[in-house]
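For the record, in the sequence shown the residue sitting at position 248 is 251 according to this note's numbering, with numbers rising by one throughout. Ideal placement from N, C-alpha and C gives every residue a C-beta, glycine not left out. Shown next, in structure tokens, is the structure this report addresses.
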Amino acid sequence: MRESVGAYRLLEHTGEDRLGELHRARDTARGRTVIVRVIHPALRADPARRAALVADASKMTAISHPAVAALFDVVDSGSGADEGDDLALVHEHVDGKTLAATLGGTPLNPRLAAAIAIQIADGLAELHAAGWSHGAVDAAHVAINPRGQAKLLDAGLTHWLDPDRPASDDVAALGSLIESMTGRGLPKAQWADDLRAVIARTRADHPRRFESIPTLAAELRSVSAMLEARADAAPMPRAAAGRPVAVWFLLAVTLLALGAWFLTR
Numbered sequence: 004m005r006e007s008v009g010a011y012r013l014l015e016h017t018g019e020d021r022l023g024e025l026h027r028a029r030d031t032a033r034g035r036t037v038i039v040r041v042i043h044p045a046l047r048a049d050p051a052r053r054a055a056l057v058a059d060a061s062k063m064t065a066i067s068h069p070a071v072a073a074l075f076d077v078v079d080s081g082s083g084a085d086e087g088d089d090l091a092l093v094h095e096h097v098d099g100k101t102l103a104a105t106l107g108g109t110p111l112n113p114r115l116a117a118a119i120a121i122q123i124a125d126g127l128a129e130l131h132a133a134g135w136s137h138g139a140v141d142a143a144h145v146a147i148n149p150r151g152q153a154k155l156l157d158a159g160l161t162h163w164l165d166p167d168r169p170a171s172d173d174v175a176a177l178g179s180l181i182e183s184m185t186g187r188g189l190p191k192a193q194w195a196d197d198l199r200a201v202i203a204r205t206r207a208d209h210p211r212r213f214e215s216i217p218t219l220a221a222e223l224r225s226v227s228a229m230l231e232a233r234a235d236a237a238p239m240p241r242a243a244a245g246r247p248v249a250v251w252f253l254l255a256v257t258l259l260a261l262g263a264w265f266l267t268r
């Protein structure tokens with residue numbers, strides 16, 4: 004295994020995708036752990052595709068939001084013709100699991116689901132304000148770190164990672180994600196009706212469809228406040244048998260983190 008790319012010392016090969024090989028690495032200039040994606044040789048050697056990727060990635064380095072896993076740097080040291088040429092993307096290292104792994108096929112407590120959805124919506128709003136959409140909002144593209152923060156993964160790169168996948172509408176995709184977090188068979192209860200109404204208004208054929216991610220985020224905040232107000236007055240769904248204690252710890256941490264986030268906005 005090669006030892007470094009630019010100022011980044013490669014520590015561990017962690018995987019591979021359609022763009023390149025993934026490495027946990029050390030940013031020797033800033034003393035932090037990062038993920039370095041070393042771009043595959045075939046793409047590095049294609050001038051047009053290389054230039055397009057560098058342009059997209061360079062724009063993404065300007066995005067800074069707590070709910071978007073950052074793209075810190077683009078290492079581009081040549082034209083693809085030389086053996087020593089490097090092209091790599093340097094990403095924030097997110098210490099946690101994907102939402103898909105956290106769910107494990109079992110619905111989340113609705114307060115936790117709402118808290119996660121609000122963070123994702125805020126991250127998407129930042130992307131949209133900068134002229135980007137995510138295009139692949141799902142449980143595999145959201146990570147939850149140990150502090151209960153949700154992080155959108157691969158923002159600005161989903162069309163590179165899976166060019167055959169049609170880009171999804173972020174409003175509709177977030178609605179589907181909320182549904183997957185809470186379970187498709189929501190019970191007959193007022194809190195469930197509130198979430199059902201939000202999910203319904205993300206769909207393209209709804210007459211009162213949310214016009215934008217910020218309007219969806221505002222409604223999620225309203226629903227979250229109602230869920231909190233009802234938490235002591237009405238029974239909420241319990242964990243399925245065998246639900247790991249860590250998920251309930253995550254609920255407490257996420258709600259505390261979200262409260263602190265609201266206070267600083």
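In chain order, L13 place their CB closer than 7 Å to the CB of S7, counting only its own chain and leaving out the 5 sequence neighbours on each side. Assigned with DSSP and collapsed to three states, G34 falls in coil, not helix or strand. The count of Cβ pairs closer than 8 Å, one atom from the stretch 12-28 and one from the stretch 41-53, reaches three, so the stretches are in contact.
By the Cβ test, the stretch 150-159 is not in contact with the stretch 216-228, since fewer than three Cβ pairs between them sit closer than 8 Å. L155: member of the beta strand (DSSP E) spanning A153 to L155, first to last residue.
Taking 8 Å as the cut-off, the Cβ atoms of P217 and A128 count as close. The three-state reading of DSSP puts A128 in helix, counting H, G and I together. Between A142 and T101, the gap from beta carbon to beta carbon is short of 8 Å. Setting aside the 5 residues that flank it on each side, S136 is surrounded in the same chain by D173, each with a C-beta closer than 6 Å to its C-beta; the list follows chain order. Note on the stretch 54-115: whole beta strand (DSSP E) runs with a minimum of 3 residues are 74-79 and 90-95, in chain order. As the crow flies, the alpha-carbon of A139 is around 33 Å from that of R233. At a Cβ-Cβ threshold of 8 Å, L177 and A120 count as neighbours.
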